[in-house]
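Shown next, in the form of structure tokens:
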């Protein structure tokens, strides 16, 4: 009988201890009223940036469609928290022009930044769109980018006859070679390693002529062409490439 009583008491003690632990665990995952109210001043349909953590400090609001490749008014590298009160994903970048490290925040969620490093943002229909920036390129242009997947600084090339080619082309000269490309023209784009629309590439025993980006296509430039594009021209047929 003594053993039985002790076991019952022991079980009761374990039951009370387990209940206490579960209470602590549950409370750890609940949002406290103070945390929930911290971002309440962010209106529906707005992306709100805050100059302090927890939705505190000065606030800057951005409606849907007001994407920013750079911030004015001293907001570059300033935000320490944000609230995405829109129906789109909020894409934050540590570099300007959607470059650098990406932070994707789902609709209706708040985020804390460990450091004030946000330099640009956009609102996108999905998280996957946070990792590409090709949509910035206007129609009838070839656009080149400083980073992969159409991110970073963009150059939109206006089709114009080059001095060394009868086709519409652009020469980059000594500018930094693009890392990614999109062709939004009705022609194919032929890229070359020389500024005069010429040159070839070699990879072991293989030799390559022009690198072609078909009409409507985009790409992050692969090896062995990475960092070598110096000019491009537009052609109706890929057989017209130099």
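Residue numbers (my numbering): 1 to 242.
Glycine included, C-beta positions come from ideal geometry on N, C-alpha and C.
All values reported here derive from a predicted model rather than from experimental measurement.
- Query: Any chance the CB of residue 119 is under 7 Å from a heavy atom of the ligand HEM?
  - Reply: No copy of the ligand HEM occurs in the structure displayed, which carries no ligand at all.
- Task: Would you mind reading off the limits of the alpha helix (DSSP H) that contains residue 37?
- Result: One-based indexing of the chain shown puts residue 37 at position 37. That run of the alpha helix (DSSP H) goes 33–37.
- Message: Is the separation between the beta-carbon of residue 143 and that of residue 160 shorter than 8 Å?
- Response: For the purposes of this step, residue 143 is identified with residue 143 of the chain shown, where counting begins at 1. For the purposes of this step, residue 160 is identified with residue 160 of the chain shown, where counting begins at 1. Going by C-beta atoms, residue 143 is not nearer than 8 Å to residue 160.
- Task: Give me the Cα-Cα distance between residue 141 and residue 124, rounded to the nearest whole angstrom.
- Result: Residue mapping note: residue 141 aligns to position 141 of the chain shown, counting from 1. Residue mapping note: residue 124 aligns to position 124 of the chain shown, counting from 1. Answer to the nearest angstrom: the Cα atoms are 22 Å apart.
- Message: Quick check on DSSP: helix, strand or coil for residue 88?
- Response: What you label residue 88 is simply residue 88 of the chain shown in a count that begins at 1. Looking at residue 88 - three-state DSSP - the assignment turns out to be coil, as it is neither helix nor strand.
- Item | Own chain, CB closer than 7 Å to residue 217, minus 5 neighbours either side, in chain order | Residue numbering aside, residue 217 sits at position 217 when the chain shown is read from its first letter. Taking C-beta separations shorter than 7 Å and ignoring five residues to either side along the sequence, the partners of residue 217 in its chain run 183, following chain order.
- Task: Find the nearest neighbour of residue 80 within the set 97, 99 and 55, judged by alpha-carbon distance.
- Result: Your numbering for residue 80 matches position 80 in the chain shown. Nearest to residue 80 by alpha-carbon distance, out of 97, 99 and 55, is 55.
- Query: Can at least three beta-carbon pairs, one atom from the stretch 80–90 and one from the stretch 147–155, be found at a separation below 8 Å?
  - Reply: No, because fewer than three Cβ pairs between the stretch 80–90 and the stretch 147–155 fall closer than 8 Å, the two stretches do not touch.
- When DSSP builds the beta bridges, which residues end up paired with residue 103? Taking the first residue of the chain shown as 1, we reach residue 103 at position 103. Beta-bridge pairing links residue 103 to 92.
- Residues that DSSP places opposite residue 169 in a beta bridge: Here the question's residue 169 lines up with position 169 in the chain shown. Partner(s): 233.
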